[in-house]
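All letters in the sequence shown, in the order written, are residues 127 to 283 by my numbering. Everything below concerns the one structure shown next.
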Amino acid sequence: MTPTLLVLRISRRAIGATVLSDAGFTLADGRHLSSRPDRTVVAAANYVVKLVDLTHPTCVVVDAPPRVEGGTTARIVGGVEALAHARGIQLLPVTKPDILATYARHGLRNRRELRDLIRQFWPELARIAGRVEPYVIDAAAAALYAECRMTLEPQSG
Numbered sequence: 127m128t129p130t131l132l133v134l135r136i137s138r139r140a141i142g143a144t145v146l147s148d149a150g151f152t153l154a155d156g157r158h159l160s161s162r163p164d165r166t167v168v169a170a171a172n173y174v175v176k177l178v179d180l181t182h183p184t185c186v187v188v189d190a191p192p193r194v195e196g197g198t199t200a201r202i203v204g205g206v207e208a209l210a211h212a213r214g215i216q217l218l219p220v221t222k223p224d225i226l227a228t229y230a231r232h233g234l235r236n237r238r239e240l241r242d243l244i245r246q247f248w249p250e251l252a253r254i255a256g257r258v259e260p261y262v263i264d265a266a267a268a269a270l271y272a273e274c275r276m277t278l279e280p281q282s283g
């Protein structure tokens, strides 16, 4: 049985979200975030709580850039970590280099190459439009990576 993975691709501009479970991808969504940091952190927290309440994940996977202390992305990720801890949900951080190295024999050079590949895996992601589309596709890539990692290395989660 596959754990229900809520995968979040977080940046200061947007959050892409996917849910991967035994039924496949059951959610692919995203939100563009405000350029005002305080507003962004609150909106992101509310969005993630809504996703957790809706999907009841057993693991939250977070794909985010390296943290800059006090930065908007760091504050959002910190909120996700606190939520996961408070609800007893496993948290699995993943990194861009790990994901890029996973999807090709010699590794991919950038997220654009990864997105082109993921679009071939899951054509249904084409229905995601707008500025959040790349973040949702990134979340889908991280979901598959995390599922494989958790299966092959259960202790890593």
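Here a beta-carbon is modelled for each residue, glycine too, at the ideal position from N, C-alpha and C.
*By Cβ distance, which residues of its chain are closer than 6 Å to L234, with the 5 residues on each side in sequence left out?*
Counting only Cβ-Cβ distances below 6 Å, and skipping sequence neighbours, we find L226, L240.
*Within the same chain, show all residues whose beta-carbon is closer than 6 Å to that of V186, passing over the 5 residues directly before and after it, in chain order.*
Once the five neighbours on either side are set aside, the close Cβ partners of V186 are L132, A210, I215, L217.
_Whole angstroms are fine: how far does the CA of R245 sit from the CA of A171?_
Note on geometry: alpha-carbon atoms of A171 and R245 lie some 28 Å from one another.
*Considering only residues of the same chain and omitting the five flanking positions on each side of A269, which have a CB-CB separation below 7 Å?*
Correct list, in chain order: L131, V133, T144, L146, V187.
*Which two residues bound the contiguous beta strand (DSSP E) that contains H182?*
According to the DSSP assignment, H182 belongs to no beta strand (DSSP E), since it is labelled neither H nor E.
*Assigned exposure category for D148 - 16 Cβ within 10 Å defines buried*: By the neighbour-count definition (other C-beta atoms within 10 Å, threshold 16), D148 is an exposed residue.
*Among T277, T199, I254, P129, which has the Cα closest to the Cα of P163?*
With distances taken between Cα atoms, P163 lies closest to T199.
*asked:* Please report the distance separating the alpha-carbon of T221 from that of G204.
replied: Rounded to whole angstroms, T221 to G204 spans 16 Å at the Cα level.
*asked:* My parser needs the beta strand (DSSP E) runs of 3 or more residues fully inside the segment 235 to 263; what are they?
replied: The segment 235 to 263 is shown to contain no whole beta strand (DSSP E) run of 3 or more residues.
*Going by other Cβ atoms of all chains shown within 10 Å of its Cβ, with 16 needed for buried, is R157 buried or exposed?*
R157 counts as buried, since no fewer than 16 other beta carbons sit within 10 angstroms of its beta carbon.
*If V178 and R135 are in contact, beta carbons under 8 Å, what's the gap, nearest whole angstrom?*
Incorrect: roughly 16 Å between the Cβ atoms, too far for contact.
*Identify, in the order they occur along the chain, each residue of the same chain with its Cβ nearer than 7 Å to the Cβ of V194, setting aside the five sequence neighbours on each side.*
Its chain contains A200 as the residues whose beta carbon lies nearer than 7 Å to that of V194, once the 5 sequence neighbours on both sides are disregarded; these appear in chain order.
*Whole beta strand (DSSP E) runs in the segment 183 to 216 with 3 or more residues, listed along the chain?*
Scanning the segment 183 to 216 for uninterrupted beta strand (DSSP E) segments of 3 residues or longer gives 185 to 189, listed from N- to C-terminal end.
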